[in-house]
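Counting with my numbering, you get residues 53 to 291 for the letters of the sequence shown.
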Amino acid sequence: MRIMVMAGTSDATALIKRLRDLNDEIYILATTVTSFGAEIARSAGADEVIKKPLPTDELTLTIIKYNINILVDSTHPFAAEATRNAIQASKETGISYLRLERPPTKLPETSLIHQVTSFPEAAQLAKKISNGRILHLAGVSTIHYLTEVIDADQILARVLPNPYSVKKSLETGLPGENIIAMQGTFTPEFNQALMMEYGAKLVVTKDSGEVGGTPSKIEAALELGIPVIVVLRPEVSDL
């Protein structure tokens with residue numbers, strides 16, 4: 053059996069390890085878009101890793117080239133375009149498509165939570181309601197939405213502790229002292245301590261599910277009476 057795992061998440065890493073443990077004869081081709089993701093996929097047991105974005109046509113050619121039987125899409129819930137490409141490539145090649153989907157977060161009913169459907173909307177709302185420092189807990193690739201409309205000195209961002217994430221954060225205009233580089237997930241108590249230490253008055257996050265630590269971030273903020281803007285997952289109609 054030859055399986056392609058669209059990786060780059062902790063879910064994908066766990067899946068690759070599990071497949072390798074189950075059967076050493078399974079060929080595992082992993083795809084990812086970052087060097088960090090590629091390194092993790094290799095260490096988990098992938099036989100080969102492709103490190104670049106794959107639009108539908110390239111994904112289709114890759115499936116054919118490597119004689120893939122099953123495509124497992126374990127990309128992030130917000131990687132909607134990658135999921136659409138995977139579904140289309142699977143249809144065109146006639147192979148099985150499986151989606152490893154994280155359960156969505158059940159959001160508490162409170163006026164402190166503001167649900168939005170995009171990061172531009174989140175940035176505009178943050179600009180409107182913030183009265184102090186904004187703690188961004190939604191991944192390095194979305195910081196720029198805030199810095200495009202809000203003074204970067206007002207924004208704090210927690211990102212992964214690797215050169216790519218720190219460099220990307222600096223490129224958005226964030227001062228170095230506003231970049232918090234650490235690897236989670238974290239407990240509500242830890243998140244509370246962080247919010248208090250940095251004087252956060254607003255939290256911006258996204259629904260990455262329990263694996264992404266979303267419930268813990270929200271719980272911590274609500275305990276401190278801090279408003280939270282939650283970006284909901286994009287919908288993929290073919291799923």
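By construction, the Cβ of each residue, glycine as well, lies at the ideal position given by its N, Cα and C atoms.
Exclusion of the five residues before and after D76 leaves no residue of its chain whose Cβ lies closer than 6 Å to its Cβ. Short of 7 Å from the beta carbon of R185, and not among the five residues preceding or following it, lie these beta carbons of its own chain, in chain order: Q206, L208, Y250, G251, A252, K253.
For the set K258, G265, G261, V255, the Cα lying nearest the Cα of Q235 is the one of G265. Taking 8 Å as the upper bound for CB-CB distance, Y216 and T86 are in contact here, some 6 Å apart. DSSP assignment within the region 184-264 yields the following whole alpha helix (DSSP H) runs of 4 residues or more, N-terminal first: 195-199, 215-223, 240-250. Taking 3 residues as the shortest admissible run, the region 94-140 contains the following complete beta strand (DSSP E) segments, listed from N- to C-terminal end: 100-103, 122-125. For T61, the three-state secondary structure derived from DSSP is coil. In the structure shown, S148 adopts extended strand secondary structure according to DSSP, grouped into three states. With a cut-off of 8 Å on Cβ pairs, the region 127-144 is in contact with the region 103-112, counting three or more such pairs. The residues T112, in chain order, have a CB closer than 7 Å to that of E144 in the same chain once the five nearest residues on each side in sequence are set aside. Listed as beta-bridge partners of Q167 by DSSP are V282. Within the same chain, Cβ atoms closer than 7 Å to the Cβ of P156 are found at D259, G261, R285, the five residues on either side in sequence being excluded.
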